[in-house]
């Protein structure tokens, strides 16, 4: 893997922390902390994620993602990893992607999900990974009460189950947690004309021991 720091976007306002490093897996020297890692799940690519993070969200309730699970104020049992699920606007259609490829890379830090703007960031990008993305993709972000990111995943699916390591981190994080989803429609890894991105509202929930 070739580590290459790529600057994306420009500073868009509020002061947010940036996390940058050159690749590496969790637990290795110099690697990014777990809460700074975006998990690539299914047939998504580095380039599509970079396109999403470089763009400023627009407002369109019909295109924003609504989180269905957890419900607002819900308390999940921490014994077993639970399933996050969401939908686009008033629709209930499900678009799934085969979960045969799970990758972990891209240390970054993004602003509070409720913000209408994204701060600039630096991504430790390697050579291209994954097939070109066409259609809608989603970035799920879970934060603690202080706004620190606990978990992030970029996916084509409308559901996500954290792995054991990330579920433990979610369970052990300060409560309550806040989840939101940023989404966009892609055309060959680039955001399509009129394709967003759109920032969905936050959903507050708890994970009980």
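Residue numbers (the numbering used here): 564 to 772.
The beta carbon of each residue, even a glycine, is placed where N, CA and C say it ideally should be.
Residue i (DSSP reduced to helix, strand or coil)
| i | result |
| --- | --- |
| residue 638 | strand |
| residue 619 | coil |
| residue 558 | It is not possible to answer for residue 558, since the shown part of the chain is limited to 564 through 772. |
| residue 767 | strand |
| residue 601 | strand |
| residue 754 | strand |
Burial state of residue i, where buried means 16 or more other Cβ atoms lie within 10 Å
| i | result |
| --- | --- |
| residue 696 | buried |
| residue 758 | buried |
| residue 651 | buried |
| residue 752 | buried |
When the options are compared against residue i, the one with the closest alpha-carbon
| i | options | result |
| --- | --- | --- |
| residue 630 | 723, 712, 617, 754 | 723 |
| residue 633 | 740, 612, 753 | 740 |
| residue 742 | 636, 749, 612, 625 | 636 |
| residue 620 | 644, 702, 716, 751 | 702 |
| residue 732 | 707, 625, 764 | 707 |
| residue 737 | 763, 727, 764, 709 | 709 |
Beta-carbon proximity of residue i to residue j, cut-off 8 Å
| i | j | result |
| --- | --- | --- |
| residue 761 | residue 627 | yes |
| residue 705 | residue 714 | yes |
| residue 638 | residue 769 | yes |
| residue 717 | residue 601 | yes |
| residue 607 | residue 747 | no |
| residue 693 | residue 772 | no |
| residue 720 | residue 641 | no |
| residue 745 | residue 615 | yes |
Residue(s) in a DSSP beta bridge with residue i
| i | result |
| --- | --- |
| residue 702 | 717, 745 |
| residue 762 | 745 |
| residue 731 | DSSP output for residue 731 lists no bridge partner at all. |
| residue 651 | 628 |
| residue 722 | 648 |
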